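Participant:
There are 2 protein chains.
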Amino acid sequence: MLPSYELVYETYGTLNSDKSNAVLVCHALSGNHHVAGYYVDDMKNVGWWDTMIGPGKPIDTEKFFVIGLNNLGGCHGSTGPISINPATGKPYGASFPVVTVEDWVESQARLADKLGIAQFAAVLGGSLGGMQALQWSLAYPERVRHVLAIASAPRLTAQNIAFNDVARNAILTDPDFYGGDYYEHGVVPTRGLRLARMLGHITYLSNDAMADKFGRGLRSDKYSYSYDIDFEIESYLRYQGDKFAAYFDANTYLLMTKALDYFDPAREYDDDLNKAFATARANFLVLSFTTDWRFAPERSRAIVKALLHNHLKVSYAEITSTHGHDSFLMQHTHYHNVMSAYFDNIASEFTA
Amino acid sequence: MLPSYELVYETYGTLNSDKSNAVLVCHALSGNHHVAGYYVDDMKNVGWWDTMIGPGKPIDTEKFFVIGLNNLGGCHGSTGPISINPATGKPYGASFPVVTVEDWVESQARLADKLGIAQFAAVLGGSLGGMQALQWSLAYPERVRHVLAIASAPRLTAQNIAFNDVARNAILTDPDFYGGDYYEHGVVPTRGLRLARMLGHITYLSNDAMADKFGRGLRSDKYSYSYDIDFEIESYLRYQGDKFAAYFDANTYLLMTKALDYFDPAREYDDDLNKAFATARANFLVLSFTTDWRFAPERSRAIVKALLHNHLKVSYAEITSTHGHDSFLMQHTHYHNVMSAYFDNIASEFTA
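Those protein sequences? They're chains A and B, same order as listed. Going by our numbering, the first sequence opens with residue 1, and the numbers climb by one from there. Going by our numbering, the second sequence opens with residue 1001, and the numbers climb by one from there.
1) So Gly68/A is in the beta strand (DSSP E); what residue range does that whole segment cover?
2) Looking at Ala1094/B and Ser1127/B, is the spacing between their C-beta atoms short of 8 angstroms?
3) Starting from the Cα of Glu1232/B, find the closest Cα among Asn1021/B, Val1304/B, Tyr1012/B, Gly1215/B and give me that residue.
4) From the DSSP output, in three-state form, read off Leu218/A for me.
5) Pull up the DSSP beta-bridge partners for Val1099/B, would you.
6) Kindly list the residues whose CB is nearer than 6 angstroms to the CB of Tyr1335/B, restricted to its own chain and excluding five residues on each side of it in sequence; keep chain order.
7) Does the distance from the C-beta atom of Met357/A to that of Arg238/A stay below 8 angstroms?
8) Nearest to Glu1268/B by CA position, among Ala245/A, Lys222/A, Trp49/A, Arg281/A, is which residue?
9) Drop a sphere of 10 angstroms on the beta-carbon of Arg219/A, count the other beta-carbons inside from all chains shown, and report buried for 16 or more, exposed for fewer.
10) Tell me, please, whether the CB atom of Thr1173/B is closer than 8 angstroms to any CB atom in chain A?
11) Starting from Phe1163/B and walking both ways along the beta strand (DSSP E), at which residues does that stretch end?
12) Checking the sheet assignment: what are the DSSP bridge partners for Asn1085/B?
13) Between the segment 260-273 of chain A and chain B, which residues of the former have CB atoms less than 9 angstroms from a CB of the latter, in chain order?
14) Residues of chain A with CB under 8 angstroms from Tyr1223/B, in chain order?
15) Quick one: using the 10 Å Cβ neighbour count with 16 as the cut-off for buried, is Pro1058/B buried or exposed?
16) Roughly how many whole angstroms lie between the Cα atoms of Ala352/A and Ile346/A?
17) Can you pull the chain A neighbours of Gln1108/B, defined as C-beta to C-beta under 9 angstroms?
18) Which complete beta strand (DSSP E) runs does the segment 251-276 of chain A hold, if anything under 3 residues is left out?
19) Short check: CB of Val1166/B to CB of Leu111/A, under 8 angstroms?
20) In the structure shown, what three-state DSSP assignment does Phe248/A receive?
21) According to DSSP, is Glu1318/B helix, strand or coil?
22) Going by the beta-carbon positions, is the gap between Val8/A and Lys258/A smaller than 8 angstroms?
23) Relative to the alpha-carbon of Val1035/B, which residue among Asp1042/B, Leu1024/B, Gly1047/B has its alpha-carbon at the smallest distance?
24) Counting C-beta neighbours from all protein chains within 10 Å, is the total for Asp228/A 16 or more, i.e. buried, or is it exposed?
25) Check Gly1073/B in the structure and name its three-state DSSP category.
26) For a contact defined as C-beta to C-beta under 8 angstroms, what are the partners of Ile1161/B on chain A?
27) Spell out a yes or no on whether the segment 1112-1124 of chain B and the segment 1005-1021 of chain B are touching, meaning 3 or more CB-CB pairs, one atom from each, closer than 8 angstroms.
28) Determine, using beta carbons only, whether Leu1195/B comes closer than 8 angstroms to chain C.
29) Looking at chain B, is there any beta carbon in it that lies within less than 8 angstroms of the beta carbon of Val105/A?
30) Name the DSSP bridge partner or partners of Ser288/A?
31) How is Asn1283/B classed by DSSP in three states: helix, strand or coil?
32) For Asn1032/B, which residues in the same chain have their Cβ closer than 6 angstroms to its Cβ, ignoring the five residues on either side in sequence?
33) Let's test the definition: count the other Cβ atoms within 10 Å of the Cβ of Ala1280/B and tell me whether it reaches 16, buried, or not, exposed.
34) Does the beta-carbon of Gly116/A have 16 or more other beta-carbons within 10 angstroms, so that it is buried, or is it exposed?
35) Could you compute how far the alpha carbon of Ala139/A sits from the alpha carbon of Asp181/A?
36) Run down chain A in chain order and give the residues with a C-beta less than 9 angstroms from the C-beta of Leu1237/B.
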């Protein structure tokens, strides 16, 4: 329970008069509200899905009113573990509750209420963002016309959970974690967060993409015969780990991974995903990427199967891409064409 | 450079009069010399490949003289980072040199010299052990009649190296590592070693095996909404991590993973594996397991292709198994039948 909370959000485009052109973008593990564009005073800070969203882009902000928010529990402005608990005057830290995909959708619905949006034209996201989009179709079937789940899954596998658990343990056992209350010790569990991110990156990239991009390339022409960096892939991972650990909050990382682990709409229906989607009413676009081994195409097909079982309208595309799970963030002609076509159809529903 | 070293080894069966029935078993990352059987005073301590080696087993110790050793740099009795450096009276620690697959084969050849074995009937191993077996065919083509590379690879991929690098970084950044000289501080980098082993286990098991064995099974019937253990897979990984960290030496772990990363016989031949095997003379059995994603069947087929290019005698079997990389350690009828048949043929060469 939180006595109150704030959500930070950005919007792009203009809400039309009957408020029928609103699109909600849900972010994944390390995302935030800054989905598209850049700031006048910080022009290098481009939104994480800027290739997808903007004037003339697949999600065309000349037609749609797009909302990006930082999820509850995040570390980019919305209330999270790093925020000051008004009751104590100190950061929430370990006392911040574990939040779930269901909680996020609930808080997003309240944001929609504030903005006077009764129904979204579309709710979408990739990976964990796709899970939130799916949850919208379950929690608020009448409030969303189209749900897009990209590189997502109906729930994590044991292997997915295992990777999350190693990442969490890296943070939890970092001596600088202090049970989650590291803020008041003036330290950050950088080592653990860095390892978590390095590991994450392995699962975001495909085996093939890693082989193509790095292979066994060496930083110098000789082996070092030490535990320093020898291979380019080591350099890349450590760089990514260092960069991430310098700005992301470890408690937020923990709760994001736990939300991933917990999401399982079939759980209360005897593991029957068909039953879970029985109340859904939206139309769906489900997309997967051939080399995504974190949320493989078969995971998306399981979603499609359950939707079809319920006679829902669903389009599915399995995009040939070498970039693994990260594909959903990349510029990719086929992928972007599918998105453009789908959003053109959505636009035709309210401009016609 | 080491001024001297000791290798601990065990033997099973009897060396025949012309010393033609000797078999060398090379171990993988966490293995040791205790390959088969048990000790009179420690009957629960069964060798790591006891299902494969013993009287009447695929590698029949009624026929073969089998040698298991602990590799140089190991932590089970052979000279390694934990051993006392006679020059200083203190453990080698960080001063212990990085050793390679080539070094191991060199030291194994010296052991063979000591035992008066001019030529092995077979040298074999799984995973990193298979790499040593392959290296035998390159370094000592006249000293080994049969080489068996099981669940192995001609070199690591970028993804393989990436996993090793995360594991190494978990150890290297553990505050109890002290640059490798933790012995003199009376501590052990348990946190890092535990994470390394947890991560390793994910790559040893197949996605399917994890799904079958653990799925999303919970330790209790409810989510904890905390960062404690929720899922059975988390409990398994943490148990494996704790168990390993209690007995294995972190410096040995580092050097074993580095030996894996460095092994690349094609490197000095312009990445041409065909050329690398041009001097090999042994007969080969190459085995892979369908669900092994760490060293996938295609990695074994690359070995087979290079051997065939050189007109070497090679048998290859791709074993259908759900157990991933760990399959090579498991009791499995098809796998064991292939091994039995191959070793029966080897035995017929010297008993006939």
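Backbone N, C-alpha and C define an ideal beta-carbon position, used for all residues, glycine too. These figures come from a predicted structure and were not determined experimentally.
Facilitator: In short, the structure shows the following:
1) Start and end: 65-69.
2) It is not a contact, given that the beta carbons lie outside the stated cut-off.
3) If we check each option's Cα against that of Glu1232/B, Gly1215/B comes out closest.
4) Here Leu218/A sits in strand by DSSP.
5) When DSSP reads this structure, Val1099/B sits in no beta bridge, so it has no partner.
6) Answer for Tyr1335/B: Ile1319, listed in chain order.
7) Nothing can be reported for residue 357/A, as the shown portion of chain A is limited to 1 through 352.
8) Sorting Ala245/A, Lys222/A, Trp49/A, Arg281/A by C-alpha distance to the C-alpha of Glu1268/B places Lys222/A at the top.
9) Around the C-beta of Arg219/A, fewer than 16 other C-beta atoms lie within 10 Å, and the residue is accordingly described as exposed.
10) Answer yes: the Cβ-Cβ gap between Thr1173/B and chain A drops below 8 angstroms somewhere.
11) Taken as a continuous stretch (DSSP letters only), Phe1163/B belongs to no beta strand (DSSP E), being part of the alpha helix (DSSP H) at 1158-1172.
12) Partner residues in the beta bridge of Asn1085/B, as assigned by DSSP, are Lys1090/B.
13) Those residues of the segment 260-273 of chain A that come within reach of chain B (Cβ to Cβ, closer than 9 angstroms) are Asp261, Tyr262, Asp264, Arg267, Asp271.
14) Think of a sphere of 8 angstroms around the beta carbon of Tyr1223/B: the chain A residues whose beta carbon falls inside it are Tyr262, in chain order.
15) Answer is buried; the Cβ neighbour count reaches 16.
16) Because Ala352/A sits at a pLDDT of 49, beneath the cut-off of 50, its placement in the model cannot be relied upon, and the following sentence gives the value as read from the coordinates. Approximately 10 angstroms, taken between the alpha carbons.
17) The premise fails here: Gln1108/B is roughly 20 angstroms from chain A at the closest Cβ pair, so nothing lies under 9 angstroms.
18) Within the segment 251-276 of chain A, not a single complete beta strand (DSSP E) segment reaches 3 residues in length.
19) No; because the gap between Cβ atoms is not below 8 angstroms, this pair is not in contact.
20) Phe248/A: coil per DSSP, three-state reduction.
21) Here Glu1318/B sits in strand by DSSP.
22) No; because the gap between Cβ atoms is not below 8 angstroms, this pair is not in contact.
23) It is Gly1047/B.
24) Asp228/A comes out exposed.
25) Judged by DSSP in its simplified three-state form, Gly1073/B adopts coil rather than helix or strand.
26) Under the 8 angstroms cutoff, chain A gives Arg216, Phe231, Ile233, Glu234.
27) Between the segment 1112-1124 of chain B and the segment 1005-1021 of chain B there are three or more C-beta pairs closer than 8 angstroms, enough to call the two in contact.
28) Protein chains in the displayed structure are A and B, and chain C is not among them.
29) Among the CB atoms of chain B, none fall inside 8 angstroms of the CB of Val105/A.
30) Answer by DSSP bridge pairing, in chain order: Glu318/A.
31) DSSP places Asn1283/B in the strand class (E or B) of the three-state scheme.
32) Same-chain partners within the cutoff: Asn1070, His1076.
33) By the neighbour-count rule (16 or more Cβ atoms within 10 Å), Ala1280/B is buried.
34) So Gly116/A ends up on the exposed side.
35) Here the alpha carbons of Asp181/A and Ala139/A stand approximately 33 angstroms from one another.
36) In chain order: Ala162, Asp165, Val166, Asn169.
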